[in-house]
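Accompanying notes for the structure given below.
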């Protein structure tokens, strides 16, 4: 390409060589070195005046050095009167820090975008940003390429009966990425979610609560103590002479109140015109008339709320209807069934107000697609396996805060301190009071920590049918292995999947994560791209690792940008 210079940073020289080979030119000369104190020095050895400069720099294990080196190279080319400067970053550094995770956190990805703009960048090309809204951090155009065509091509060529494959997301945050790949290939998709449950810790200000007084120190219900206390109260109630007697409301009352004069009789008013009107309230007229008689002629509030008639209508009805029969002190209470309108049919609705159509029978096919399980230390266990957190804290359950040595709580604040407030959660390891600044989905780091934390019992849910089908778990990067192994065991042990493939764009493989994935028997293969540099020793030590080349994708993006062509086809079709 004439009028273009491609510079290589120190992060991924092999990828730059592959890109230049496809474009038919050599990398431009640049001198990269460090001083004794660790400072980065950059010297451009090629004239860049009126040239389109492309600086290829990805992330690596020395991410901070790579970022500083790229900023210096951009500024050096700007000082050399380059026509345009494009930063080609297959893996964008600090992409996981695109939002605040605490009140005093920093949006590091936005800060890096501002630094690149100050250095003089005019265009940015990257692959699969961790969050697509990061494109708004830049004041210059951003081309966020997708590795989806490469991943989809591998699925079609290497998975037997790939049309039966189910694409699964290991967390709710990757649902959009999974559904996009499934739609392109015409496959089914599923999702794996985890629910972190930690033991409740009560503060001193909550001990005097009437509700929490019957709870153990760990917040659980002491069933035996409550059952014994209820039995003692029942026996004491039976021994009392003035114990209340149960009344059968289906039988008529035999004796009238002695304070009411004998001459006052209870009238039952039934008008033909009122039967339809009172049918909607489902209260017979005899019941409302008795309610007025027991209160010396004054209707009760209950009668007011259910009786739509006015006093004038009642007075007119008393003149027309005969009086009820009464013999001595005995009264006959007639219960008349309420009649509904002949033209109105009862409508059955659920608790949420949804009206079920006629002939709709219950179908539990969708319920079978929801499978739950338990995770202990990041691995699927049976339901009868005791939780490590429950056994660890079971010895503290007998303690109550009734000792005189305990500090007395503040009675002015114990009634207003909520378990969902920020004060409560801030000191007890929660996520945020009443939502706060917390996110709807947890970050990858929080998810990994929850899987290995012995105090947290994780419940996993698989939504989607994967029985006897190959499963592809997709995400944008693989850093730690905990969530990947948990998702793989869930779809195999709970969902009865036949094979599992772990697929991501960026293979960071922090620590010994690649070794853990290699040892997992449920995982068939690990598919990543070379957008993030993988050391050669790691690639040779793993038999399951498959690395896809993205040099053709980046080379075509550079060529189209240099000639001013559209790059829309790169999002859908990628032919090598």
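In full-length UniProt numbering, the protein residues as written are 1 to 576.
C-beta atoms are modelled at their ideal positions from N, C-alpha and C, and glycine is treated no differently.
The three-state secondary structure of residue 161, taken from DSSP, is coil. Residues 500, 522 of the same chain have their beta carbon placed closer than 7 Å to that of residue 492, with the five preceding and five following residues left out of the count.
Note that the C-beta distance between residue 30 and residue 56 is not below 8 Å.
Of all alpha-carbon atoms in 84, 158, 111, the one lying nearest the alpha-carbon of residue 124 is that of 84. For residue 63, the enclosing alpha helix (DSSP H) stretches over residues 63-79. Here the alpha carbons of residue 41 and residue 469 stand approximately 54 Å from one another. Minimum Cα-Cα distance from residue 52 among the listed residues 570, 559, 512 corresponds to 559.
For residue 178, the enclosing alpha helix (DSSP H) has its first and last residue at 175-185. The Cβ neighbour count for residue 16, taken over all protein chains shown within 10 Å, is at least 16; the residue is labelled buried. Residue 5 carries a strand assignment under DSSP once its states are collapsed to helix, strand and coil. Checking the DSSP bridge columns, you'll see residue 373 partnered with 460. With a contact defined as Cβ atoms closer than 8 Å, residue 120 and residue 74 qualify at about 5 Å. With 16 or more other CB atoms across the displayed protein chains lying within 10 angstroms of its CB, residue 483 is buried. Residue 20: member of the alpha helix (DSSP H) spanning 13-23, first to last residue. Closest by C-alpha distance to residue 571, out of 36, 149, 79, 528, is 149. Between the alpha carbons of residue 466 and residue 81 lies a gap of roughly 57 Å. Three or more Cβ pairs drawn from the stretch 526-534 and the stretch 88-104 lie within less than 8 Å of each other, which places the two stretches in contact. Sorting 490, 504, 537 by C-alpha distance to the C-alpha of residue 512 places 537 at the top.
For residue 48, there is no enclosing alpha helix (DSSP H), as DSSP marks it with neither H nor E. Of all alpha-carbon atoms in 132, 18, 10, the one lying nearest the alpha-carbon of residue 69 is that of 10.
The shortest CA-to-CA distance from residue 37 to any of 44, 65, 49 is the one to 65. Less than 8 Å separates the beta-carbon of residue 169 from that of residue 191. If you check the CB distance, residue 460 and residue 370 do not come in under 8 Å. For residue 482, the enclosing alpha helix (DSSP H) covers residues 482-489. For residue 33, the enclosing beta strand (DSSP E) has its first and last residue at 30-34. A residue is called buried once 16 or more other Cβ atoms fall within 10 Å of its Cβ, and residue 183, having fewer, is exposed.
Going by DSSP, residue 524 is part of the beta strand (DSSP E) stretching over 523-529. With fewer than 16 neighbouring CB atoms inside 10 Å of its own CB, residue 568 falls in the exposed class.
Separation of residue 134 and residue 375 (C-alpha to C-alpha, rounded to the nearest whole angstrom) is 33 Å. Under the three-state reduction of DSSP, residue 563 is assigned to helix.
The alpha-carbon of residue 475 is positioned some 6 Å away from that of residue 174. Shortest Cα-Cα distance from residue 127 to any of 115, 111, 114, 145 involves 145. Residues of the same chain with a CB within less than 7 Å of the CB of residue 162, apart from the 5 flanking positions on each side, are 155, 156 in chain order.
Taking 8 Å as the cut-off, the Cβ atoms of residue 548 and residue 526 do not count as close.
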